């Protein structure tokens, strides 16, 4: 792969810390074998998008197999100060933000391929000083062709999203990566710039088919006094990697990263987080949770970097795992590079099973075993699901988690 | 109603219950007392279906073999255990938990589901009698509750679930005098001709408020002496060792 400067960029190696748990060779061979679907003729209807991604009330941009679908999208009447659409150089606004791609550089072969081969890029721009009340929803649907002549090969897409939030603005974003049954490879990149004193609430929900391969990279650039909260939910995919890189460039920025992976069957879910404190008085929290059943494997690598010369850094990280079967595996690895003195930093990790005493307590009150397990699993991940600020998304995610885990569906609104 | 014959239970190779016999008829309240390690809590746990014990013998409730049932099915036929140490379950709301339990048990008894508003009304009535703040409903199950609050929450659950056989495992332990009175009154209110109770206690104090029909002494995994409520007074006055020594086995 060639990078922007023309140099050849290789796929990463599992010798690199950030790729240690990911089966890179397998992903690369799946990428090589996958085929790009033609831009037309998909069978995705509005009802399908509603069912897979939910309708959360705001503007919605929908991409099918990496290609923008105007019929499925709704972003004609957006609030003043908000622009969303495609990265089309003919559009002045978008052009300005393709310049943002200056911070959206490829750091590995997967990103280089995303930038080189992606069809359409979603762009969301918020002008300075604007507060947007409705969430902007960017939906990527993988729709493999299971019947045609391509039935034997996986469908590939390279979704790319660029989000630029102006100074003092506030916005909520929802990104959904979902899909129809079948084999698909999604190689996704997202870049978010959070301007000075801007606030972003970002939910990333990945519910692709269990035959899908997902490589996701989210790069977040935060300026002075900005606040970002990201909730990431990883449920789908056979092999799925969710990388989040946060760069705190300006002082007094705050970052809260919350995530859950619900892993079962033979799924592999890797979460790789880096928070880079390059400015003083920034605060970051990483709270990641895994629920792993059957032969699933979940991993979490969380890196905290505190640059020399910074002061009053507050950085916290926790990773809790619930392992539900003897064959399930959870790997967790903190990775701290503290290069300054004035730092308050904590990290902790746990791997545990369901509490037998709690299970017996619930069952002794008449609650069947399955439902008791569901209640306890739901309680374990409530920290994450409760953090989702949109009730419709909260309900949507709870239903998908329940279905994926063979759990009894419970409405989180009722569990309060 | 409850018939226990030659009940044996061991855990990790250690025998705890060693041929226990006990019959409780409908409407009767039986108290079981005994020194530490006698097997009192094991009896309660084995009847409610806790895992981990190797159990043999007989325990039937209205002819149904309890030992063959999962804990939730025992609850459905009307068995309720008030825990000695109620479990804290952060993240599961008390109201959600309680309403789920009530509705599951109602469904198994062929009764219609109780709606949220009706449930809330009934729960608040019971809570008022137990001098519990309704705010406990919106908290997680037992999480951060004081010892007394947990025990009241047990009695609340018992009141809502309306069991046929209530087993109270040291419900009085750790309570101050006021809490003991409230809990005792809660138990006494549930006394009824079609509900049997098995009260496990260390202290005869509770039995002043909830007078049992029978008192049994459990020692070495079996019942070694039975009597009426006067036996509790005798134990209080003389202690287990001399009370048991005074009577030839």
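Chains as they are written, first to last, in this note's numbering: chain A, 2 to 417; chain B, 1070 to 1318.
Even glycine gets a Cβ: it sits at the ideal position worked out from N, Cα and C.
This one's a predicted model, so the numbers in the text were calculated from it and none came from an experiment.
Chain A residues whose Cβ lies nearer than 9 Å to that of residue i
i, result
"residue 1141 of chain B", "363, 364, 365, 366, 367, 368, 369, 370, 372, 373"
"residue 1110 of chain B", "By Cβ distance, chain A contributes nothing, its closest Cβ being about 13 Å from residue 1110 of chain B, past 9 Å."
"residue 1230 of chain B", "366, 367"
"residue 1173 of chain B", "366, 367, 368, 369, 372"
Residue i versus residue j - alpha carbon distance
i, j, result
"residue 1056 of chain B", "residue 381 of chain A", "Because residue 1056 of chain B is not part of the residues shown, which for chain B are 1070 to 1318, the question remains open."
"residue 1304 of chain B", "residue 1135 of chain B", "31 Å"
"residue 14 of chain A", "residue 288 of chain A", "27 Å"
"residue 331 of chain A", "residue 298 of chain A", "6 Å"
"residue 1265 of chain B", "residue 1091 of chain B", "13 Å"
"residue 1108 of chain B", "residue 232 of chain A", "49 Å"
"residue 1235 of chain B", "residue 1144 of chain B", "10 Å"
"residue 307 of chain A", "residue 383 of chain A", "30 Å"
"residue 1205 of chain B", "residue 251 of chain A", "44 Å"
"residue 411 of chain A", "residue 227 of chain A", "Only weak support exists for where residue 411 of chain A lies, its pLDDT of 48 falling under 50; the value from the coordinates is given anyway. If you take the alpha carbons of residue 411 of chain A and residue 227 of chain A, they lie about 35 Å apart."
"residue 196 of chain A", "residue 172 of chain A", "12 Å"
"residue 1119 of chain B", "residue 1151 of chain B", "13 Å"
"residue 1123 of chain B", "residue 1153 of chain B", "21 Å"
"residue 387 of chain A", "residue 45 of chain A", "30 Å"
CA nearest to the CA of residue i, picked from the options
i, options, result
"residue 72 of chain A", "A:49, A:84, A:340, A:387", "A:49"
"residue 1073 of chain B", "B:1302, B:1116, B:1287", "B:1116"
"residue 391 of chain A", "A:204, A:145, A:70", "A:204"
"residue 303 of chain A", "A:167, A:244, A:53", "A:244"
"residue 1179 of chain B", "B:1146, B:1185, B:1188", "B:1146"
"residue 1230 of chain B", "B:1310, B:1148, B:1139", "B:1148"
"residue 239 of chain A", "A:10, A:27, A:11", "A:27"
"residue 1132 of chain B", "B:1159, B:1095, B:1272", "B:1095"
"residue 312 of chain A", "A:280, A:64, A:325, A:333", "A:280"
"residue 276 of chain A", "A:51, A:270, A:220, A:31", "A:220"
"residue 1275 of chain B", "B:1100, B:1080, B:1084, B:1076", "B:1100"
"residue 291 of chain A", "A:359, A:378, A:278", "A:378"
"residue 271 of chain A", "A:224, A:162, A:235, A:365", "A:235"
"residue 157 of chain A", "A:403, A:115, A:192", "A:115"
"residue 47 of chain A", "A:80, A:140, A:328", "A:140"
"residue 11 of chain A", "A:342, A:113, A:247, A:405", "A:113"
"residue 74 of chain A", "A:25, A:81, A:138, A:248", "A:138"
Under 8 Å by beta carbon: chain A residues contacting residue i
i, result
"residue 1159 of chain B", "380"
"residue 1226 of chain B", "366"
"residue 1145 of chain B", "367"
Proximal chain B residues relative to residue i, where beta-carbon distance stays under 7 Å
i, result
"residue 359 of chain A", "1156, 1158"
Per-residue DSSP class, three states only, for residue i
i, result
"residue 115 of chain A", "helix"
"residue 1152 of chain B", "coil"
"residue 1221 of chain B", "helix"
"residue 318 of chain A", "strand"
"residue 1270 of chain B", "coil"
"residue 1130 of chain B", "strand"
"residue 1164 of chain B", "helix"
"residue 193 of chain A", "strand"
"residue 108 of chain A", "coil"
"residue 1070 of chain B", "coil"
"residue 64 of chain A", "strand"
"residue 202 of chain A", "strand"
"residue 1249 of chain B", "helix"
"residue 1227 of chain B", "helix"
"residue 289 of chain A", "strand"
"residue 307 of chain A", "strand"
Listed by chain order, chain B residues near residue i by CB distance under 9 Å
i, result
"residue 383 of chain A", "1159, 1160, 1161"
Beta-carbon neighbours of residue i, restricted to chain A and to distances below 7 Å
i, result
"residue 1119 of chain B", "361"
"residue 1115 of chain B", "Near residue 1115 of chain B there are no residues of chain A at all, since even the closest Cβ is about 12 Å away, more than 7 Å."
"residue 1150 of chain B", "365"
"residue 1170 of chain B", "366, 367, 368"
"residue 1133 of chain B", "Result: empty, since nearest Cβ-Cβ is about 15 Å, beyond 7 Å."
Near the ligand HEM: residue i beta-carbon under 8 Å from a heavy atom
i, result
"residue 310 of chain A", "As for the ligand HEM, it is missing from this structure, which has no ligand bound."
Closer than 8 Å is the cut-off here; do at least three beta carbon pairs connect the region 254-267 of chain A with the region 210-226 of chain A? yes
For the region 124-131 of chain A against the region 77-89 of chain A, are there 3 or more C-beta pairs whose distance is under 8 Å? yes
So, do the region 1292-1300 of chain B and the region 1255-1265 of chain B have three or more beta carbon pairs nearer to each other than 8 Å? no
Check whether the region 362-381 of chain A and the region 46-62 of chain A touch, using three or more Cβ-Cβ pairs below 8 Å as the test. no
Are at least three pairs of beta-carbons, each pair with one atom in the region 11-31 of chain A and one in the region 108-116 of chain A, less than 8 Å apart? yes
Does the region 309-322 of chain A come into contact with the region 334-353 of chain A, if we say contact requires no fewer than three beta-carbon pairs (one atom in each stretch) closer than 8 Å? yes
For the region 1097-1114 of chain B against the region 1188-1195 of chain B, do three or more pairs of beta-carbon atoms, one drawn from each stretch, fall closer than 8 Å, so that the two count as touching? no
Any chance the region 1151-1170 of chain B sits against the region 390-404 of chain A, with 3 or more Cβ pairs inside 8 Å? no
Would you be able to state if there are at least three C-beta pairs under 8 Å between the region 1273-1290 of chain B and the region 1250-1260 of chain B? yes
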